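Notes for the one structure printed next.
Numbering (my numbering), first residue to last: 1 to 313.
Next comes the structure, spelled out in structure tokens:
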């Protein structure tokens, strides 16, 4: 295979560093030279323009800049070529750090202590051991399994739910529609790391949150969403917080991003907000992996971390 050009088409990311690193080994363009540009063989994308890729006759593969791929499937003119997911050690590390940070903060009463400090209240609530707390991870893919492993090492009881059966040593696993309610009923802190598909859109709603275990060592159920914003219904989360269905929530993603300044989530005393920062894509780590895949593919090797088009992730 000849080395063709890479089309870099990203929005909401600064393209300069991506361009610099890709261009160190290959020719990179930001726009095709016409709708049917034959010189482009790979596309590196994040929320690219619809139909941008549809007419490229020699396109061999599409690489996602971020962990999610729903932005690619949003393209009505998506060509039938392999789609490669991002899998990188530092991305996994960032997400694991975020999940463990938020689990520990809720477990160790971080919100209560932050509320007490400006009021100069000296009060220590009952602290339960980690083994009394059950963390449930929705989405036992690469990121979910990495977070589960660290949480297990800290002594937490860990549950996992996925679309299909994904056994993991030390984790109580559930799968499919029949396993969802039993999983939720056994969970105190819910961590959402699902991909966004037509089946998962809006899955974190009031009905789901009602099934979480509230009589627990935390004094209530907790939600942590570091997956995709459209997995959740913001209004349902607010309702659950206000009526006691949820004790607290840590939210990194939202239905609309950036989160509108008018959203009541900003000022809610039971909500901790981060600006979609749980696991930021670092081109210094991701670009070399992309280039290695391109080189290997051109030697006749198979691409790794391919997206299952039928499943949507």
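Glycine included, each C-beta is placed from N, C-alpha and C at the ideal position.
Just so we're clear, the structure is a prediction, and the values are computed from it rather than from any experiment.
Between the alpha carbons of residue 216 and residue 86 lies a gap of roughly 37 Å. Residue burial annotation: residue 96 is buried, with at least 16 other C-beta atoms found within 10 angstroms of its C-beta. For residue 7 and residue 294, the gap between their C-alpha atoms comes out near 13 Å. Between the alpha carbons of residue 65 and residue 5 lies a distance of about 17 Å. Counting only residues of its own chain and dropping the five nearest sequence neighbours on each side, residue 272 has a CB closer than 6 Å to the CB of 250.
9 Å or more divides the Cβ of residue 134 from the Cβ of residue 70. Boundaries for residue 267: no beta strand (DSSP E) harbours it, and the DSSP string shows neither H nor E there.
Per DSSP, residue 168 lies in no beta strand (DSSP E) segment and is marked neither H nor E.
Pairwise C-beta distances place the stretch 71-84 in contact with the stretch 302-309, as three or more of them are shorter than 8 Å.
Short of 6 Å from the beta carbon of residue 139, and not among the five residues preceding or following it, lie these beta carbons of its own chain, in chain order: 193 and 194.
Distance check between residue 206 and each of 197, 244, 219 and 176 places 244 closest, using alpha-carbon atoms only. Residue 236 and residue 302 have their alpha carbons spaced roughly 43 Å apart.
Scanning the stretch 228-286 for uninterrupted alpha helix (DSSP H) segments of 4 residues or longer gives 234-242, listed from N- to C-terminal end. The count of Cβ pairs closer than 8 Å, one atom from the stretch 216-228 and one from the stretch 88-104, reaches three, so the stretches are in contact. Residue 134 carries a strand assignment under DSSP once its states are collapsed to helix, strand and coil.
If you draw a straight line from the Cα of residue 18 to the Cα of residue 287, it comes to about 7 Å. Excluding residues up to 5 positions away in sequence, 55, 56 and 57 lie with their Cβ nearer than 8 Å to the Cβ of residue 36 in the same chain. Nearest C-alpha to residue 48 among 22, 59, 20 and 78: 78. As computed with DSSP, residue 63 is found in a beta bridge with 44 and 84. In the displayed model, residue 184 falls within a helix according to three-state DSSP.
Per DSSP, residue 224 is one residue of the beta strand (DSSP E) stretching across 222-225. Short of 6 Å from the beta carbon of residue 147, and not among the five residues preceding or following it, lie these beta carbons of its own chain, in chain order: 96 and 99. About 15 Å separates the Cβ atoms of residue 240 and residue 231, ruling out a contact at the 8 Å cut-off. It is roughly 47 Å from the alpha-carbon of residue 76 to the alpha-carbon of residue 114. For the options 43, 153, 190 and 13, the alpha carbon positioned closest to that of residue 81 is the one of 43.
Boundaries of the beta strand (DSSP E) harbouring residue 9: 5-10, taken from the DSSP string. A residue is called buried once 16 or more other Cβ atoms fall within 10 Å of its Cβ, and residue 218 is buried on that count. The bridge partners DSSP lists for residue 159 are 136 and 172. Shown here, residue 191 sits in a strand according to DSSP, grouped into three states. Annotation: residue 132 to residue 213 spans about 12 Å, alpha carbon to alpha carbon. The continuous alpha helix (DSSP H) containing residue 73 extends over residues 70-73.
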